[in-house]
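In my numbering, the protein residues as written are 238 to 367.
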C-alpha cells in the first residue's frame, strides 16, 4: 500500500474491502476501493445540498486544458464528512461517466444532475514526492 493510500485509509478508517462501511451518519459512509491505475472509487451520499465540493480546471479552462480537480471541500458537506476527498484530488468519473477531457461546465452538469442518494466517484490523489 502506498503511503498516500495508507494515509487515506488511516484517516477514514476504511479497509481495502470493497463495500466496507462504518456506522457513522449516512453522509459519512463512503465505500472506498482501489481501481486500476492507482485511482480510488468513493461513494458519497448526495443530499439536497449536493456533494459538498467544487471543481476547477477542465478543457479550455482559463489556464488551458487541465484535469478537473477538487477546488474546495465545503464544511459539513458529504465530501468533508466522508474524509475521502481532499483539495487537489482529480475527479475522473461520476457514476460511470468519464469527466476526462470535458469542459468545466459539462463536468459540473454531470455532477449536478446526479440523483440524490449514493453517487460513485473515481478520484486520483495527487502524486507526492518522497
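For every residue, glycine included, the Cβ atom is placed at its ideal position computed from N, Cα and C. On a predicted model such as this, the values are computed, not experimentally measured, just so you know.
### Task
Evaluate residue 304 with the Cβ neighbour count: other Cβ atoms within 10 Å of its Cβ, from every protein chain shown; 16 or more gives buried, anything less gives exposed.
buried
### Task
Please list, in chain order, all residues of the same chain as residue 277 whose beta carbon is under 8 Å from its beta carbon, the five residues on each side excluded.
242, 245, 269, 270, 271, 321, 359, 360, 361, 362
### Query
In the DSSP assignment, what are the bridge partners of residue 360?
277, 328
### Task
Go through its chain and collect everything with a Cβ distance to residue 330's Cβ below 6 Å, but skip five positions before and after it.
359
### Query
Considering only the beta carbon of each residue, do residue 287 and residue 341 sit closer than 8 Å?
no
### Between the CA atoms of residue 311 and residue 346 - distance to the nearest angstrom
18 Å
### Message
Which of the three DSSP states is assigned to residue 349 in this structure?
### Response
helix
### Task
Figure out for me which residue from 284, 324, 316, 334 has the closest Cα to the Cα of residue 309.
324
### Query
Going straight from the alpha carbon of residue 352 to that of residue 275, what length do you get?
27 Å
### Message
Could you tell me the alpha carbon to alpha carbon distance between residue 282 and residue 355, rounded to whole angstroms?
### Response
4 Å
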